[in-house]
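Novice: In this note's numbering, the protein residues as written are 169 to 431. Every residue, glycine too, gets a C-beta built ideally from N, C-alpha and C.
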Amino acid sequence: MKPRPLPKTVAPLPDELLSGWLSRLAAANYCDDAELLAHIEIDTTHGSSLDFNIDAAAVDKISGAARTDPNTVRSLAFSKMTLSETLLTARVPFQSCRECSRRGLSLKQWRRAWAFDCQVCGTRLVQTLGKPGDEQLSEKLRNRARRGAGVLECAARSGCTKRFRRAMRAVTFAMSLKSCHGEPLFALQSHKQEVRLFCLAAIDAAQYRPLVKAAISSSSIDDYARVALLRAFEKEPRLLAAVDLIAQRRARSIGPMAAESHN
Ligand SMILES: [Zn+2]
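1. May I ask you to report which of helix, strand or coil DSSP gives P175?
2. Return yes when the Cβ of V363 is within less than 8 Å of the Cβ of A369, no when it is not.
3. Thinking just about the alpha-carbon of each residue, which of K248, P173, W189 and S344 is nearest to the one in L273?
4. Taking I371 as the reference, which of S269, K248 and R337 has the closest Cα?
5. For L256, which residues of its own chain have a beta-carbon under 8 Å away from its beta-carbon, when the five flanking residues on both sides are left out?
6. Can you tell me the Cα-Cα spacing of G232 and Q277, whole angstroms?
7. Is S358 helix, strand or coil when you go by DSSP?
8. On the DSSP bridge assignment, give the partners of V260 in chain order.
9. Would you say E184 touches ligand 1, meaning its beta carbon is less than 7 Å from a heavy atom?
10. Roughly how far, in whole angstroms, is the beta-carbon of A234 from the beta-carbon of L185, given that I think they are within contact range, below 8 Å?
11. Can we count T291 as close to ligand 1, meaning its CB is less than 7 Å from some heavy atom?
12. For I210, which residues in the same chain have their Cβ closer than 8 Å to its Cβ, ignoring the five residues on either side in sequence?
13. Is it the case that the Cβ atoms of C367 and A342 are separated by a distance below 8 Å?
14. Per DSSP, what kind of secondary structure is R242 in: helix, strand or coil?
15. Name the residue from K176, A373, P180 and N197 whose alpha carbon lies nearest to the alpha carbon of K308.
16. Looking at chain C, is there any beta carbon in it that lies within less than 8 Å of the beta carbon of D219?
17. Entirely within the stretch 265-313 and at least 4 residues each: give me those alpha helix (DSSP H) ranges in chain order.
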């Protein structure tokens with residue numbers, strides 16, 4: 169037996185995320201998410217568990233209760249992504265648009281590691297858990313990060329593993345300069361605005377000039393950076409040799425103290 173249709177329905181907006189739309193649906197019907205899902209007879213208390221994995225039965229129940237086309241309901245969940253897109257799509261919210269959130273909106277776009285400005289209103293996205301006060305970050309860094317985000321999006325959408333690897337290598341290196349440990353994918357979804365922007369900016373920098381050269385000349389290299397370097401370039405011995413050469417020359421020009429740290 170199908171659940172009764174809800175008294176009120178709301179039309180999904182373009183690119184709206186399923187769980188966000190379900191929350192708006194719940195609010196329109198004066199209940200919370202868990203009550204809504206119980207009414208629709210879906211065995212979960214959080215709509216977010218459906219965002220990445222919704223079966224035909226759940227689509228049917230929601231579409232009936234909300235009087236909305238099943239294909240529209242299905243399109244609100246993430247599906248048919250390239251491997252790079254999947255890796256760069258956050259399972260939990262890490263950034264949002266302040267303007268649109270106030271109106272109860274939640275977009276799929278915000279989950280993408282490459283999303284920078286809100287596609288609905290153009291406002292720059294902000295970290296969900298981050299501290300406010302990122303205004304001290306320079307305009308130059310922000311602009312460069314915005315360009316890097318564009319490069320990352322092209323790499324992910326094209327499904328080109330070479331471009332994706334190149335972007336991740338830039339991120340790995342940027343992380344080493346920020347003494348940020350862990351996986352590049354997580355750094356791109358970092359709640360620290362500075363880390364995320366720096367990593368995106370590095371993707372842009374890697375487009376125009378040898379990344380390593382740029383990085384070495386902008387910051388002295390420590391042991392962690394050295395390990396990150398090896399990790400980032402392990403499959404490219406020639407590139408690593410070139411990096412080593414730059415590091416050695418630089419060490420010689422700085423003096424014995426610096427040279428020791430490279431050995
Ligand atoms: Zn917005």
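Specialist: Put simply:
1. coil
2. no
3. W189
4. R337
5. R280, A281, W282, L320, A324, L353 and L356
6. 26 Å
7. coil
8. The partner list for V260 (beta bridge, DSSP) is empty, contrary to what the question assumes.
9. no
10. About 15 Å separates the two Cβ atoms, so there is no contact after all.
11. yes
12. L218, A226, K229 and I230
13. yes
14. helix
15. A373
16. Although the question refers to chain C, the structure presented lacks it and comprises just one protein chain.
17. 266-270
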